[in-house]
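Asker: Counting in this note's numbering, the sequence shown runs from 1091 upward without gaps. One structure is given below, represented as structure tokens, and several questions about it will come after.
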Amino acid sequence: MSALLQLEQTVRETFLPFALPSIGEEEIAEVVDTLRSGWVTTGPKVKIFENDFAAYVGAGHAIAVNSCTAALHTALAALEIGPGDEVIVPTFTFCATANVVVHLGARPVLVDVGRDSQILPHAIANAITPQTKAIMPVHYGGQACDLDSIYELAARHSLAVVEDAAHAIGSTYHGLRIGADQLSANYPGLRRVTAFSFYANKNMTTGEGGMIATADEELAKRMRVLTMHGMSKDAWKRYTSAGSWYYEVVAAGFKNNMTDIAAALGIHQLRRLDGFVAARQQIARKYDEAFAGSDLVRTPLRHADRNHVYHLYTLQLELARLAIDRAQFIEELKSRNIGSSVHFIPVHLHPFYQTQFGYQRGDLAQAEDTFDSIVSLPLYPSMSDTDVADVIEAVQQILSDNRR
Ligand SMILES: Cc1ncc(COP(=O)(O)O)c(C=O)c1O
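Written out as structure tokens, the structure is:
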């Protein structure tokens, strides 16, 4: 390629990362306060974060953990999912959603998603067997699944629902936040847990971290014990002046607790979350406006009854009209200094799931079609107007250069 051509194609001089956290001075001061306090692991800041979080989503109970993976694992363990059980999981998700089922010795039954990348209620219905114990819907990209249909199916078949809301903090369904107790108010006996992620690239972050939300008091008690080795008392209660050294192990639990250092970040990230979401939505609107008219890409599908918090902005390429494939598209973006990613490689295409459970390409067609043609564009609150314009220009340039 000539130097001149190279110059023409380079939209920007510095690399634009795919994702960046927004950490403010309040977060930094709170972490420093924690470090100076003498109490760095699970303690008073975790309590504050849990209470604030429960109030924000409208959940009776919130339990802070060290990842969303830990939240999902803890929830399934508390529901006593184990060998011989089946759990229905959308294939179009991060591997963690299915891995935790395997960790407990149960079988993940992978099902397809719709054009909106959300788990299909009729695919769930078709996958239910006498061994099915739970459904794990994933609120893909920051938009809620068809929750009413899922709760109705779960209630009818006496299944638990463990929602993977890794992308969906702040998202709403029919005006209620994901994780809210009220979401399943029409199904009083339904056992339901929602798991959130505060991983570095999420809409709010604690570096690594997660939260479990539930309305179910008994399940909440069991999950809290499971997050700390199955001990009947947590360290905070044992080591303060009010505590006692004595504890009993009532289950072979995990070490899933969140530290106060992480919670210090979370307390302030949560206060800023609505602002972060508004900024993400504004960028998504600009992408929509720029790309909606193109016959070479499809913009993310939106449901009018749900508030999309745009953890991801996933553009779908019309490959039949393009002379390049998705991998080449990503290389073209990279050559223009734009980072991007792919969410997700369907779980059933990973070697482990193929060898262990017999899945193969062709089993879940919509997820495969979507996977082959998607690219997630940079989207985070600290992107400047110029950054957003650079992404738009790069995408438009690549599309027009490669129309078939
Ligand atoms: C859909 C989904 N579920 C679960 C996880 C796991 O989250 P964590 O990294 O907090 O364990 C992720 C992480 O990206 C995810 O995207």
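Each residue gets a CB set at the ideal place from its N, CA and C atoms; glycine is no exception.
#1: Any idea if Tyr1336 is buried or exposed, counting beta-carbon neighbours within 10 angstroms, 16 or more meaning buried?
#2: Quick check: the Cα distance between Thr1159 and Ile1218, rounded to an integer number of angstroms?
#3: When you compare only the Cα positions, how much space is there between Thr1132 and Leu1243?
#4: Residues bridged to Leu1266 by DSSP?
#5: Based on the DSSP output, what are the partners of Gly1300 in its beta bridges?
#6: Ligand 1 and Phe1344: does the residue's C-beta get closer than 7 Å to at least one heavy atom of that ligand?
#7: First and last residue of the alpha helix (DSSP H) that includes Thr1187?
#8: Provide the residue span of the alpha helix (DSSP H) that contains Arg1361, from first to last.
#9: Taking only heavy atoms of ligand 1 into account, decide whether any of them is closer than 7 Å to the Cβ of Thr1187.
#10: Shorter than 7 Å, the distance from the beta carbon of Phe1105 to the closest heavy atom of ligand 1, or not?
#11: Here's a check: name, in chain order, each residue in its chain whose Cβ is nearer than 7 Å to the Cβ of Ser1085, leaving out the five neighbours to either side.
#12: Quick one: what does DSSP say Leu1405 is sitting in, helix, strand or coil?
#13: Considering only the beta carbon of each residue, do Leu1162 and Asp1254 sit closer than 8 Å?
#14: Exposed or buried, Thr1295, counting other C-beta atoms within 10 Å across all chains shown (16 or more means buried)?
#15: For Asn1347, which residues in the same chain have their Cβ closer than 7 Å to its Cβ, ignoring the five residues on either side in sequence?
#16: Indicate, with yes or no, if ligand 1 has a heavy atom lying under 7 Å from the CB of Ala1154.
#17: Who are the Cβ neighbours of Ala1093 in its own chain at under 6 Å, not counting the five residues just before and after it?
#18: Are at least three pairs of beta-carbons, each pair with one atom in the segment 1171 to 1183 and one in the segment 1433 to 1441, less than 8 Å apart?
#19: Sorted by chain position, which residues of the same chain lie with C-beta nearer than 6 Å to Lys1376's C-beta, five sequence neighbours on each side aside?
#20: Rounded to the nearest angstrom, what separates Phe1105 and Arg1370 at their Cα positions?
#21: Using three-state DSSP, classify Asn1216 as helix, strand or coil.
#22: Between which residues of its own chain and Tyr1470 is the CB-CB distance below 6 Å, once the five residues before and five after are set aside?
#23: Secondary structure at Arg1126, three-state DSSP: helix, strand or coil?
#24: Can you look up Pro1180 in the DSSP assignment and give me helix, strand or coil?
#25: For my contact list, Val1130 and Ile1351 are in at a C-beta cut-off of 8 Å; report their separation, rounded to the angstrom.
#26: Can you tell me the Cβ-Cβ gap for Ile1302 and Ala1165, rounded? I've got them flagged as a contact below 8 Å.
Answerer: Looking at the atomic coordinates:
#1: Stepping through the sequence shown from its first residue, residue 1336 is reached at position 246. Exposed, because fewer than 16 other Cβ atoms sit within 10 Å of the Cβ of Tyr1336.
#2: For the purposes of this step, residue 1159 is identified with residue 69 of the sequence shown, where counting begins at 1. For the purposes of this step, residue 1218 is identified with residue 128 of the sequence shown, where counting begins at 1. About 24 Å.
#3: Residue numbering aside, residue 1132 sits at position 42 when the sequence shown is read from its first letter. Residue numbering aside, residue 1243 sits at position 153 when the sequence shown is read from its first letter. Their backbone Cα atoms lie some 37 Å apart in a straight line.
#4: Within the sequence shown, numbered from 1, the residue matching residue 1266 stands at position 176. DSSP lists Tyr1263 as partners of Leu1266.
#5: Sequence index remark: in the sequence shown, residue 1300 carries index 210 (1-based). DSSP lists Val1155 and Ser1287 as partners of Gly1300.
#6: The sequence position of residue 1344 within the sequence shown is 254, counting from 1. Every heavy atom of ligand 1 is 7 Å or more from the Cβ of Phe1344, so no.
#7: Numbered from its first residue, the sequence shown carries residue 1187 at position 97. Unbroken alpha helix (DSSP H) run through Thr1187: Cys1185 to His1193.
#8: For the purposes of this step, residue 1361 is taken as residue 271 along the sequence shown, with counting starting at 1. Run containing Arg1361: Asp1350 to Phe1381, per the alpha helix (DSSP H) assignment.
#9: The sequence position of residue 1187 within the sequence shown is 97, counting from 1. Inclusion of Thr1187 in the 7 Å shell around ligand 1 follows from its C-beta lying nearer than that to a non-hydrogen atom of the ligand.
#10: As a working note, residue 1105 is residue 15 in the sequence shown. False, no ligand heavy atom lies under 7 Å from that Cβ.
#11: The shown model of the chain, from 1091 to 1494, leaves out residue 1085, and the question about it has no answer.
#12: Counted from its first residue, the sequence shown places residue 1405 at position 315. Collapsing the DSSP output to three states places Leu1405 in a strand.
#13: As a working note, residue 1162 is residue 72 in the sequence shown. As a working note, residue 1254 is residue 164 in the sequence shown. Yes, they are a contact pair.
#14: Walking along the sequence shown from the start, residue 1295 turns up at place 205. Sixteen is the threshold: when 16 or more other Cβ atoms of the shown chains lie within 10 Å of the Cβ of Thr1295, as they do, the residue is buried.
#15: Here residue 1347 corresponds to residue number 257 of the sequence shown, with the count starting at 1. Thr1132, Val1155, Asn1156, Thr1317 and Met1318.
#16: If you number the sequence shown from 1, residue 1154 lands on position 64. Not so, every heavy atom of ligand 1 lies at least 7 Å from the Cβ.
#17: Stepping through the sequence shown from its first residue, residue 1093 is reached at position 3. At Ala1093, the pLDDT of 46 sits below 50, so the modelled position is not reliable; the number obtained from the coordinates is stated separately. Apart from the 5 residues on each side of it in sequence, Ala1093 has no Cβ closer than 6 Å to any other Cβ in its chain.
#18: Judged by Cβ distances under 8 Å, the segment 1171 to 1183 makes contact with the segment 1433 to 1441, as three or more pairs qualify.
#19: Counting from 1 along the sequence shown, the entry for residue 1376 is found at position 286. Excluding residues within five positions, the ones whose Cβ falls inside 6 Å are Val1478.
#20: Here residue 1105 is taken as the residue at index 15 of the sequence shown, counted from 1. Here residue 1370 is taken as the residue at index 280 of the sequence shown, counted from 1. Computed Cα separation, rounded: 20 Å.
#21: By one-based count along the sequence shown, residue 1216 stands at place 126. In this structure, Asn1216 counts as helix in the three-state DSSP scheme.
#22: Within the sequence shown, residue 1470 is the residue found at index 380, counting from 1. Only Ala1109 and Leu1110 meet the Cβ criterion.
#23: In the sequence shown, counting from the first residue as 1, residue 1126 sits at position 36. Reduced to three states, the DSSP call for Arg1126 is helix.
#24: The count along the sequence shown starts at 1 and reaches residue 1180 at position 90. Pro1180: strand per DSSP, three-state reduction.
#25: Here the question's residue 1130 lines up with position 40 in the sequence shown. Here the question's residue 1351 lines up with position 261 in the sequence shown. Correct: roughly 6 Å between the Cβ atoms.
#26: Numbered from 1 along the sequence shown, position 212 holds the residue referred to as residue 1302. Numbered from 1 along the sequence shown, position 75 holds the residue referred to as residue 1165. That pair is a contact at about 6 Å.
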